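> Heads up: the sequence shown is residues 32 to 316, going by our numbering.
All C-beta atoms, glycine included, are put in the ideal place defined by N, C-alpha and C.
Quick caveat: nothing in here was measured; it's all calculated off a predicted structure.
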Amino acid sequence: MGAISSLFGYLLNALYTVFNNYGIAIIVFSVILRIVLIPITIKQQKSLKKSAKLQEEMKEIQRKYKNNPEKLNQETIDLYKREKLSPFAGCFSSIIQLIIILSVFWLVSQPLTYMKKIDVNVINDYKTQLQQEGNQSTYSEIAIINRYGAEDERVRLNMDFLGLDLSKVPSSNLSDWTVYIIPLLYVISSVVSIKITNSFNKKKKKDQKAITDGSEVKAEEPNELEAMEAMNKNMMYMLPLMSVFIAFIAPLGLALYWFVSNVLIIIEKIIIDSVMKHKEEKENA
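1) Using a Cβ-Cβ cutoff of less than 7 Å, which residues in the same chain neighbour Ile173 once the five nearest sequence positions on both sides are dropped?
2) Can you list, in chain order, the residues of its chain whose CB lies under 7 Å from that of Lys102, leaving out five sequence neighbours each side?
3) Is there contact here, the segment 186-197 with the segment 273-281, by at least three beta-carbon pairs under 8 Å?
4) Sorted by chain position, which residues of the same chain lie with C-beta nearer than 8 Å to Ile303's C-beta, five sequence neighbours on each side aside?
5) How many whole angstroms separate the CB atoms of Arg178 and Ile149, which I take to be in contact at a CB cut-off of 8 Å?
6) Pull up the distance between the alpha-carbon of Gln128 and that of Ile297, whole angstroms please.
7) Does DSSP classify Leu205 as helix, strand or coil?
8) What is the rounded straight-line gap between the Cα of Ile301 and the Cα of Val153?
9) By how many angstroms is the C-alpha of Asn104 removed from the C-alpha of Glu299?
10) Taking one C-beta from the segment 287-294 and one from the segment 215-224 each time, how about it: are there three or more such pairs within less than 8 Å?
11) Buried or exposed: where does Trp137 fall if 16 or more other Cβ atoms within 10 Å of its Cβ makes it buried?
12) What does a CB cutoff of less than 8 Å around Asn315 pick up in its chain, not counting 5 residues either side in sequence?
13) Determine the DSSP secondary structure at Asp191, reduced to helix, strand or coil.
14) Just verifying my parser: in three-state terms, what is the DSSP assignment at Asp150?
15) In terms of residue numbering, what span does the alpha helix (DSSP H) encompassing Glu182 cover?
16) For the alpha helix (DSSP H) containing Leu143, list its first residue and its last residue.
17) When we look at the beta-carbon of Ala34 and count the other beta-carbons within 10 Å, is it buried (16 or more) or exposed?
18) Going by other Cβ atoms of all chains shown within 10 Å of its Cβ, with 16 needed for buried, is Val135 buried or exposed?
Have a look at this one:
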């Protein structure tokens, strides 16, 4: 993760040099990163659309092999292979998101190392001074910025954003109501994003639960495809929940990045889905 954090750090520092504001730099950084990830988002939504179209064949397979769970699973997997559609597409996207989440966490937690590229000896000297002063902050580099930034330009960062101090950690500032603003916005945006994703998947899930001749297809052993999609669903919910926890114990700069990213993801999904629908209607016409 350190290598990716360092790479992100070059971009964030370049943006900070232009705007001289940590918050604005994070917002622009979020926009650029989302633009880079657009191909993955498009591929993911195409997979969801394509999967929905396979449901008629899925129902036929379920009808034909409802008494043969092993054959049912194999035929379902073969169908996905023929259509070049992976049930793990959602997991792949979630794994990439997880890598980015952790990389940005290291970046905002240690901005002097990954963003400012300050010499490790300078950082260690300041850490020693903080310890001598009795400062045992979890985020020592943030503490260095707050304590010595005014007198040493090398470790100075303007973290004031619209009156909010992006260096603050919610769990360490429980009495300060302002630290909850950005995490709350992030939670709201996560709920909206999940609802939109679920709406795109609604038809697919409904068809997969379709029954033939008024009775559900039952199998003694779990359907392998269902297990794959359950994994995708768990990943979809797990990432936001994990992010909320991390946002509570991390500097506010991280929650700002996640909030902006979520807003951009919502916009992306709506636009991409609209374009795909228009293209599909045009092809059908």
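For this structure:
1) Ser198 and Pro282.
2) Result list for Lys102: Tyr96, in chain order.
3) The count of Cβ pairs closer than 8 Å, one atom from the segment 186-197 and one from the segment 273-281, stays below three, leaving the stretches out of contact.
4) Taken in chain order, the residues that qualify are Thr72, Ile73 and Gln76.
5) That pair is no contact at about 14 Å.
6) The C-alpha of Ile297 is placed about 15 Å away from the C-alpha of Gln128.
7) Shown here, Leu205 sits in coil according to DSSP, grouped into three states, outside any helix or strand.
8) Looking at the two C-alpha atoms, the distance is approximately 47 Å.
9) In a straight line, the C-alpha of Glu299 is about 34 Å away from that of Asn104.
10) With a cut-off of 8 Å on Cβ pairs, the segment 287-294 is in contact with the segment 215-224, counting three or more such pairs.
11) Sixteen is the threshold: when 16 or more other Cβ atoms of the shown chains lie within 10 Å of the Cβ of Trp137, as they do, the residue is buried.
12) Closer than 8 Å at Cβ, skipping near neighbours: no residue.
13) Strand.
14) When secondary structure is reduced to three states using DSSP, Asp150 falls in the coil class, being assigned neither helix nor strand.
15) That residue, Glu182, is in no alpha helix (DSSP H); it is neither H nor E in DSSP.
16) For Leu143, the enclosing alpha helix (DSSP H) covers residues Pro142 to Tyr145.
17) Ala34 comes out exposed.
18) Under this definition Val135 is a buried residue.
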